[in-house]
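Numbering (the UniProt record's numbering), first residue to last: 1 to 338. In this text, a Cβ means the ideal position worked out from N, Cα and C, and glycines have one as well.
Structural data, given as structure tokens:
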């Protein structure tokens, strides 16, 4: 009951575009997600508090997810909770997909996350309605949805090898205040400022494990349009090659910054098998699954913030390898569930 009243208070203060009816539903829905650890609406309706019958609650949930409510209300609320007023902040963004199947239907979500305390909270998502990689048009659609809320901040986007191409990188270069670090495939070519071309594989043939090389102001795509970037090449201790395209100036820090891209994988883990069993949803229409992701993102952030607060009262044990015994999110979700 206390959780419901707390949520109502925060939702009413931060989200002016939500009706009292929807605020009441969300304040009951989010704690129930935490209890049942599932997005199956029948399971949620069974456990959700309130005087109505189970089937009445179920129909209310169905109406909510088919209402067409914009996910922008959740994007705004997440940003308000993460960004403190009056404090200039550098935001790290992550771009990735999560995919699963419901019967013969492919559910494939392209998500833009906001890094906060080692977890990327999905800010916006686009349901692709197909299997496989996203295209530039779909990425632009997602980014434009979020950029109207991010354009006043300095941001850095982290993305893997799927998110490349001259049109996409040119689009990113045209956004003021945005930097990027994007991993590129190792089978391409670059052009040096003096006009010489070189295969990426030749740049690193003598690069030892654990070492890094940097090439500044190189051209990635030799076409009518060109993308000029800096290239950070690294061979890991296991021998894996990593090529990072960026236009940041602090090139010595690029590799460490890119490693935080895994924070979006951490979020997907909590949204799926480690947390809310996203694969259990029977929602397949794009607007409905995107609305579900908005609610789950807010739930995930709530767990993270509660975990951080709990850590301040009783610090999490740090193991010998230097990592925390339990993550802030896991601590917060377990605390709220209990």
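Task: Contacting residues, own chain, Cβ-Cβ under 6 Å from residue 29 (five flanking each side not counted) - done: Nothing meets the Cβ criterion.
Task: Spatially closest choice to residue 245 from 181, 284, 199 and 295, by CA coordinates - done: With distances taken between Cα atoms, residue 245 lies closest to 181.
- [ ] Mind the definition here: the segment 230-237 touches the segment 213-221 only if three or more C-beta pairs lie below 8 Å; say whether that holds.
- [x] Touching, per the Cβ criterion.
Task: C-beta contact flag for residue 328 and residue 44 at 9 Å - done: Going by C-beta atoms, residue 328 is not nearer than 9 Å to residue 44.
Open item on the list: Just to confirm before moving on: does the CB-CB distance between residue 331 and residue 116 stay below 9 Å?
Closed with: 9 Å or more divides the Cβ of residue 331 from the Cβ of residue 116.
Task: Beta-carbon spacing of residue 98, residue 276 below 9 Å - done: No Cβ-Cβ contact shorter than 9 Å links residue 98 with residue 276.
Task: Proximity below 9 Å, CB of residue 110 to CB of residue 93 - done: The answer is no: Cβ separation not under 9 Å.
- [ ] Note the first and the last residue of the continuous beta strand (DSSP E) segment covering residue 131.
- [x] It is not in any beta strand (DSSP E) - residue 131 carries neither H nor E in the DSSP assignment.
TODO: Count the other C-beta atoms from every protein chain shown that fall within 10 angstroms of the C-beta of residue 55, then say buried if there are 16 or more, exposed otherwise.
DONE: It counts as exposed.
Task: Inter-stretch contact at 8 Å, needing at least 3 Cβ pairs: the segment 157-164 / the segment 172-191 - done: Enough Cβ pairs lie closer than 8 Å, so yes.
- [ ] Would you be able to state if there are at least three C-beta pairs under 8 Å between the segment 184-200 and the segment 237-254?
- [x] With a cut-off of 8 Å, the segment 184-200 and the segment 237-254 count as touching, because enough Cβ pairs lie within range.
- [ ] Name, in chain order, the residues that DSSP records as bridge partners for residue 97.
- [x] Note: residue 97 sits in a beta bridge opposite 110.
- [ ] Starting from the C-beta of residue 178, find all residues in its chain whose C-beta is less than 7 Å away, skip the five residues before and the five after it, and write them out in chain order.
- [x] Excluding five sequence positions before and after residue 178, the CB atoms of its chain that fall closer than 7 Å to its own CB belong to 155, 157 and 172, given in chain order.
Open item on the list: DSSP three-state label for residue 248, please.
Closed with: The answer is coil: DSSP assigns residue 248 none of H, G, I, E or B.
Open item on the list: Could you give the first and the last residue of the continuous alpha helix (DSSP H) run that contains residue 196?
Closed with: It is not in any alpha helix (DSSP H) - residue 196 carries neither H nor E in the DSSP assignment.
Open item on the list: Taking 9 Å as the threshold (C-beta atoms), are residue 75 and residue 294 in contact?
Closed with: Yes, the pair counts as a contact, with Cβ atoms nearer than the cut-off.
TODO: Starting from the C-beta of residue 280, find all residues in its chain whose C-beta is less than 6 Å away, skip the five residues before and the five after it, and write them out in chain order.
DONE: Hits under 6 Å: 38, 39 and 40.
Task: Minimum C-alpha distance to residue 68 - residue among 196, 288, 114 and 306 - done: Ranking 196, 288, 114 and 306 by Cα distance to residue 68 puts 288 first.
- [ ] Tell me residue 212's beta-bridge partners as DSSP assigns them.
- [x] Per the DSSP secondary-structure output, residue 212 pairs in a beta bridge with 234.
TODO: Sort 170, 210 and 104 by Cα distance to residue 228 and report the nearest one.
DONE: Its Cα nearest to that of residue 228, the residue 170 stands out among 170, 210 and 104.
- [ ] Taking residue 174 as the reference, give the member of 319, 60, 144 and 103 with the closest Cα.
- [x] Measuring from the Cα of residue 174, the nearest candidate turns out to be 144.
Task: Run of the beta strand (DSSP E) containing residue 126, from where it starts to where it stops - done: First-last of the beta strand (DSSP E) with residue 126: 119-127.
- [ ] Report the three-state DSSP secondary structure of residue 17 (helix, strand or coil).
- [x] Residue 17: coil per DSSP, three-state reduction.
Open item on the list: Under DSSP, the beta strand (DSSP E) around residue 154 begins and ends at which residues?
Closed with: Segment 154-159, the beta strand (DSSP E) holding residue 154.
Open item on the list: Just to confirm my understanding: we take residue 292, look at its own chain, exclude 5 residues before and 5 after, and list those with CB closer than 7 Å. What are they?
Closed with: Here the set comprises 39, 65, 281 and 283.
Task: Residues that residue 181 bridges to, as DSSP identifies them - done: DSSP links residue 181 through a beta bridge to 158 and 246.
- [ ] Identify whether residue 59 lies in helix, strand or coil by the three-state DSSP scheme.
- [x] Helix.
Task: Same chain, Cβ closer than 7 Å to residue 324, neighbours up to 5 away in sequence not counted - done: Cβ contact annotation for residue 324 (same chain, cutoff 7 Å, sequence separation greater than five): 316 and 318, in chain order.
Task: Limits of the unbroken alpha helix (DSSP H) element including residue 171 - done: Annotation for residue 171: the continuous alpha helix (DSSP H) segment containing it runs 166-173.
- [ ] Decide if the segment 128-136 is in contact with the segment 101-108; the criterion is three or more beta carbon pairs, one per stretch, under 8 Å apart.
- [x] Contact holds between the segment 128-136 and the segment 101-108, because three or more Cβ pairs, one in each stretch, are under 8 Å apart.
Task: Counterpart residues of residue 241 in DSSP-defined beta bridges - done: DSSP, once it has assigned bridges, lists 235 as partnering residue 241.
TODO: Could you tell me whether the Cβ atoms of residue 101 and residue 166 are closer together than 9 Å?
DONE: For residue 101 and residue 166, no; Cβs fall outside 9 Å.
Open item on the list: Please report the distance separating the alpha-carbon of residue 148 from that of residue 57.
Closed with: Across the structure, residue 148 and residue 57 are spaced so that their CA atoms are roughly 35 Å apart.
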